[in-house]
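Student: Please find one structure pasted underneath; my questions will follow.
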Amino acid sequence: MNVFRLAGDVSHLVAIIILLLKIWRSRSCAGISGKSQLLFALVFTTRYLDLFTVYISAYNTIMKVVFLALSYATVYLIYMRFRNTYDSENDSFRVEFLLVPVIGLSFLEHYAFTPMEVLWTFSIFLEAVAIMPQLFMITKTGEAESITTHYLFFLGLYRALYIANWVWRYHTEGFFDQIAVVSGVVQTIFYCDFFYLYVTKVVQGRSKMSLP
Amino acid sequence: RLHSKPKDEL
C-alpha cells in the first residue's frame, strides 16, 4: 500500500458518499444518471467476486464490502426509493454501446481465460466507461448541480491517483498491471474535459456548472 | 503473455 493508492481509495469513497448523501438528503436523484450507478454496481460485483475466496487484508475486504454496499444503496435510492424523481428522459445513453465492446474486449484481452479473470477484466474495462451516461446526461441537460460536479471531481481524482500509484509501484516493486494501467489512463482521460470545466467554472463558486 | 498477479488493488 502506498499513499497514492490510499488517497485514491479515500477519494473514491468520498465520491460515492457525496452522491449517496446528496440523493438521501435532497430526497431526489434529479440530474443523476441511474445507468452510470447501475454500471458501477456491476463493476464492483464482477470485480469483487474474490471477496469470499481470497483474503488479502482487512482493509481490502472491508473496502470491498463498503463499496458494494454503498453502490447498491445508491442504485436502490435511484430506482426504488426516489424513482419518481429519476430523470429517465435525460438518462438516455445507450449502455449497450458500452457493454458490447467491453464484453468483446474482455474476451480478447485478459490474463487468463478463466471466469474470474475474464470477469475481473470486464470490470476493469467497464469502469473506464461507466461514467459516460452521467457525462452524457450533463451535456444533455446543459448543467450539473455543484454537488454532482464534486462527485465527478473525486471520482476522476481517484483514478488519477491510481495512475500515480502504478508509477510508484513500477519503480519500487517492478509491479505493472497492463490491463489496469491502460484502462485507468483511458478512464482518466475521459475526465480531463470535465476537470477543465470543474476548475474554471465550479471552483469560482458558481452554484451550477453550465456547459458552454 | 501478460501474467496475472495477486489482485491486491480495489
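Top to bottom, those sequences are chains A and B. Here our numbering is used: the first residue of the first sequence is 1, the next is one more, and so on. Here our numbering is used: the first residue of the second sequence is 1001, the next is one more, and so on. In this text, a Cβ means the ideal position worked out from N, Cα and C, and glycines have one as well.
1. Do you know how far the Cα of ASN2/A is from the Cα of TYR170/A?
2. With a threshold of 8 angstroms between beta carbons, is MET132/A in contact with chain B?
3. Output yes if chain B places a C-beta closer than 8 angstroms to the C-beta of ARG5/A; else output no.
4. Closest to GLU89/A by CA distance: which of VAL65/A, ALA30/A, LYS64/A and LEU161/A is it?
5. Comparing the C-beta of ILE56/A with each C-beta of chain B, is any distance below 8 angstroms?
6. Given that ASN60/A touches chain B, what residues does it touch there, using C-beta distances under 8 angstroms?
7. Within a Cβ cutoff of 7 angstroms, which residues of the same chain sit near MET116/A, ignoring the five residues on either side of it in sequence?
8. Mind pulling the beta strand (DSSP E) runs of 3 or more residues that sit fully within the segment 81–158 of chain A?
9. Just the Cα atoms here: how many angstroms apart are ARG25/A and ALA112/A?
10. Could you name the residues that DSSP lists as bridge partners for SER210/A?
11. What residue range is occupied by the uninterrupted alpha helix (DSSP H) comprising CYS192/A?
12. Could you tell me how far apart the beta carbons of SER71/A and PRO133/A are, in whole angstroms, since I believe they sit closer than 8 angstroms?
13. Hey, how far is the Cα of PHE176/A from the Cα of PHE4/A?
14. According to DSSP, simplified to helix, strand and coil, what is ARG27/A?
15. Roughly how many angstroms separate the alpha carbons of ARG81/A and GLU173/A, rounded to a whole number?
Tutor: On the basis of the supplied data:
1. Per the coordinates, the alpha-carbon of TYR170/A lies some 12 angstroms from the alpha-carbon of ASN2/A.
2. no
3. With respect to chain B, the C-beta atom of ARG5/A has a partner C-beta closer than 8 angstroms.
4. ALA30/A
5. yes
6. ASP1008 and LEU1010
7. So the list reads LEU49 and ASP50, once near-sequence residues are dropped.
8. 143–145
9. 44 angstroms
10. According to the DSSP secondary-structure assignment, SER210/A is paired through a beta bridge with GLU143/A.
11. 178–201 is the span of the alpha helix (DSSP H), which, as asked, contains CYS192/A.
12. Wrong, their Cβ atoms sit about 15 angstroms apart, outside the cutoff.
13. 15 angstroms
14. Assignment of ARG27/A by DSSP, reduced to helix, strand and coil, places it in the coil class.
15. 46 angstroms
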